[in-house]
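Just so you know, we're using my numbering here: the sequence shown kicks off at 4 and counts up by one.
Below you'll find the structure, written out as structure tokens, and then a few comments.
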Amino acid sequence: MLCSVLLNCPTLRHHIFQQWAALCDWKVLPLDKLVYEIETEQAVGGKRDDLRIVGYRSEDESQTPVLLWTIEIKVQAGIHHSSHESYDEEDEPVEVITESVTQLENYDRWLEAQNVTADRKAGLVLAMPSYTQKVNELIEAGKLKPRWHCLRWTDLGGWIEQQLADKSLPAEEQLLAEHLLGFVLKYLQDPSEMTEHRIDIEDLALIRAYAQQGNACAKRIHNLVSPVLQIFDESGITLFKQTHQKALFRPSVRSVVYGYLKENGKSKPAAELILWAGIHQDQAKVWIEVQPSASISTQVRAVVSDHLEALQSRNPAWQIPAPEESTWRVVHLCKPLAWLLVEDDQPGALAEFVRGGLEDLTVTGVVDAIQAIASPE
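What follows is the structure, given as structure tokens:
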């Protein structure tokens with residue numbers, strides 16, 4: 004959603020970029036005169052950053068970047084660890100070491116290799132509670148250069164709220180701004196600043212957005228996802244009962260198709276082992292869940308861990324979520340929905356994403372292996 008707003012709201016984007024530039028202590032930079040590339044899930048060697056913003060001077064035919072932000076977005080998950088990588092100017096990893104480092108350290112080495120002036124490239128961590136202490140510890144330990152900065156979703160919401168209060172946005176940007184503000188302050192606000200005793204602009208924004216677009220939005224999303232039922236049928240995966248769950252404007256915020264991977268002889272199989280695919284919050288996802296208390300949980304997680312390298316060789320976006328992110332999900336493939344905005348055939352693009360994810364799970368043997376655990380001969 005943030006990417007969509009930055010792409011489609013130039014006035015609000017300029018204000019947000021001004022705040023980010025100030026956070027980085029960047030001065031005398033003509034932000035309003037730059038041309039931007041704003042993209043999600045771009046390759047950082049064998050990794051991917053959440054959001055990347057590159058700025059160019061419009062009159063520069065050489066297209067040399069004069070500004071670069073790589074942004075790590077956090078909602079519930081913490082800072083992940085992964086293998087150590089070093090990069091060249093072509094973004095390719097030139098060295099991979101099994102030593103485990105934080106994802107920010109890999110992104111920082113990638114930043115160092117980019118052909119952008121040192122004082123015009125930086126990393127941002129956008130999160131619910133601030134990660135300032137953790138990032139400062141990494142900087143003090145010499146693991147990050149002091150070009151990393153932290154801000155909260157609450158801060159971002161405050162900036163948007165101020166622009167709406169000042170009536171500085173053109174009419175065509177106001178609805179998107181109100182919708183993003185409402186989502187941020189409803190779901191992403193720093194818990195220490197939340198209150199249940201007053202309504203505020205975010206509540207009004209949600210009411211207005213839902214009144215104008217709610218039902219139509221839900222119908223469009225459900226129509227996008229409904230073909231996934233047929234994709235499940237055609238996947239060759241043995242599933243015991245399939246259902247399209249339509250819960251877009253409920254706490255789970257999703258429109259997804261799911262099927263049980265384990266049979267128990269009942270009309271409604273037990274929710275021990277389930278395959279899911281569709282739209283969850285602002286992402287397209289394919290994932291497998293196992294009930295944490297299930298007897299097969301430890302075995303399933305071990306099998307998935309053994310197959311992760313094979314999955315990532317087909318698509319590096321396959322990840323095992325951190326325990327604090329989900330106690331049910333054992334592996335998932337995620338892609339921010341903003342990519343659909345530029346697709347002419349949106350249902351086809353989503354179907355291709357889901358079909359690719361299911362193919363990864365079958366070709367690598369993940370489904371066969373976990374179903375062998377779930378239903379031993």
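Every residue, glycine too, gets a C-beta built ideally from N, C-alpha and C.
Quick caveat, the model's predicted, so the values are computed rather than measured.
- Put simply, the backbone Cα of residue 257 is about 43 Å away from that of residue 65.
- Between residue 162 and residue 18 a beta carbon distance of about 6 Å is seen, short of the 8 Å cut, so the two are scored as contacting.
- Within the region 114-160, the complete beta strand (DSSP E) runs of at least 3 residues fall at 124-130 and 151-155.
- Inter-residue distance for residue 361 and residue 183 is about 32 Å (C-alpha atoms, whole angstroms).
- Straight across, the Cα-Cα distance linking residue 320 with residue 313 is about 12 Å.
- Between residue 126 and residue 107 the beta-carbon gap is near 7 Å, inside 8 Å, which marks them as a contact.
- In the structure shown, the three-state DSSP call for residue 249 is strand.
- In the three-state scheme derived from DSSP, where H, G and I count as helix and E and B as strand, residue 170 is classed as coil.
- When DSSP states are grouped into helix, strand and coil, residue 240 belongs to the coil group.
- For residue 191, there is no enclosing alpha helix (DSSP H), since its DSSP letter is neither H nor E.
- Beyond the five residues adjoining it in sequence on each side, residue 75 comes within less than 6 Å, by CB distance, of 53 and 128 in the same chain, given in chain order.
- For the 7 Å CB-CB criterion, residue 251 and residue 221 form a contact.
- At a Cβ-Cβ threshold of 7 Å, residue 234 and residue 78 do not count as neighbours.
- Under the criterion of beta carbons closer than 8 Å, residue 123 and residue 29 qualify as touching, at roughly 7 Å.
- Excluding five sequence positions before and after residue 292, the CB atoms of its chain that fall closer than 6 Å to its own CB belong to 277, 331 and 332, given in chain order.
- The continuous alpha helix (DSSP H) containing residue 313 extends over residues 300-317.
- Annotation: residue 350 is outside any beta strand (DSSP E); the continuous alpha helix (DSSP H) that includes it extends over 349-366.
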